[in-house]
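A.B. asks: Here you go, one structure.
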Amino acid sequence: MDFSIRAANVEDCKDIARMIVELSEYEKVADQVKVTQRDLEQDGFSKNPFFHGIVAEVPEQHKTKDGKGIGKALMSKVAQLGLAAGCNQLNFTVLDWNKQSLDFYFSQGSVDVTASMGYHCMRCEGEALDSAPS
Ligand SMILES: CC(C)(COP(=O)(O)OP(=O)(O)OC[C@H]1O[C@@H](n2cnc3c(N)ncnc32)[C@H](O)[C@@H]1OP(=O)(O)O)[C@@H](O)C(=O)NCCC(=O)NCCS
Numbered sequence: 001m002d003f004s005i006r007a008a009n010v011e012d013c014k015d016i017a018r019m020i021v022e023l024s025e026y027e028k029v030a031d032q033v034k035v036t037q038r039d040l041e042q043d044g045f046s047k048n049p050f051f052h053g054i055v056a057e058v059p060e061q062h063k064t065k066d067g068k069g070i071g072k073a074l075m076s077k078v079a080q081l082g083l084a085a086g087c088n089q090l091n092f093t094v095l096d097w098n099k100q101s102l103d104f105y106f107s108q109g110s111v112d113v114t115a116s117m118g119y120h121c122m123r124c125e126g127e128a129l130d131s132a133p134s
């Protein structure tokens with residue numbers, strides 16, 4: 001598979017927004033997606049960006065559905081960038097029924113800290129967030 005990994009730029013936001021929706025449909029949480037292309041453009045590509053992104057680019061003539069090696073290459077690039085920035089962990093979430101992805105992460109040396117340490121992923125939003133003491 002011929003592909004390259006590069007830093008995301010503002011022109012990628014349309015595709016990133018589409019992929020967020022596609023992932024949410026796969027994860028059966030499409031009704032919870034609020035972020036828009038415009039939010040991504042503002043939050044990632046203004047003076048003090050809230051996030052940085054990388055994208056994998058596949059030449060048109062090499063596009064297939066199987067995408068062999070892209071997940072590994074993206075994870076490896078995130079690891080390199082994190083290490084270079086002084087980080088020593090990658091933390092991310094995966095749904096308990098998403099066995100294909102769990103097995104992929106295990107194959108890359110990741111550990112399920114919910115199982116091994118009892119950590120749960122917590123969230124505060126909506127009214128609870130609005131009413132958080134200042
Ligand atoms: C999970 C996902 C990101 C993996 O990416 P991918 O491009 O399919 O994986 P790669 O082709 O880069 O696989 C690289 C290595 O992982 C291994 N691997 C991939 N999927 C695997 C699986 N389900 N079980 C075990 N090993 C797996 C491959 O065998 C390969 O190993 P090798 O380098 O020793 O040959 C991809 O399948 C995906 O997008 N899934 C749907 C969306 C999703 O669930 N995303 C994650 C949300 S948390």
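Residue numbers (full-length UniProt numbering): 1 to 134. Backbone N, C-alpha and C define an ideal beta-carbon position, used for all residues, glycine too. Quick caveat, the model's predicted, so the values are computed rather than measured.
Is the beta carbon of Leu95 less than 8 Å from the beta carbon of Glu22?
C.D. replies: no
A.B. asks: Just to check my reading of the structure: Met1 and Gly67 have Cβ atoms closer than 8 Å, yes? What is that Cβ distance to the nearest angstrom?
C.D. replies: 7 Å
A.B. asks: Pull the bridge partners of Val55 from the DSSP assignment, please.
C.D. replies: Arg6
A.B. asks: For the alpha helix (DSSP H) containing Phe104, list its first residue and its last residue.
C.D. replies: 99-107
A.B. asks: When you compare the CB positions of Ile54 and Ile16, do they come within less than 8 Å of one another, or not?
C.D. replies: no
A.B. asks: If I'm right that Gln32 touches Ser24 with Cβ under 8 Å, what's the distance once you round it to whole angstroms?
C.D. replies: 7 Å
A.B. asks: When we look at the beta-carbon of Cys13 and count the other beta-carbons within 10 Å, is it buried (16 or more) or exposed?
C.D. replies: buried
A.B. asks: Return yes when the Cβ of Tyr119 is within less than 8 Å of the Cβ of Val113, no when it is not.
C.D. replies: yes
A.B. asks: Pick out whichever of Val29, Lys34, Asp39, Phe45 has its Cα sitting closest to the Cα of Val10.
C.D. replies: Phe45
A.B. asks: Just reading off the alpha helix (DSSP H) that Tyr26 is part of, what are its end residues?
C.D. replies: 13-26
A.B. asks: For Ala84 versus Ala73, is the C-beta spacing smaller than 8 Å?
C.D. replies: In this structure, Ala73 does not lie closer than 8 Å to Ala84 by Cβ.
A.B. asks: Since residue 148 contacts Ala132 with CB under 8 Å, what's their CB separation in whole angstroms?
C.D. replies: What the structure shows of the chain is the stretch from 1 to 134, and residue 148 is not part of that stretch, so it cannot be assessed.
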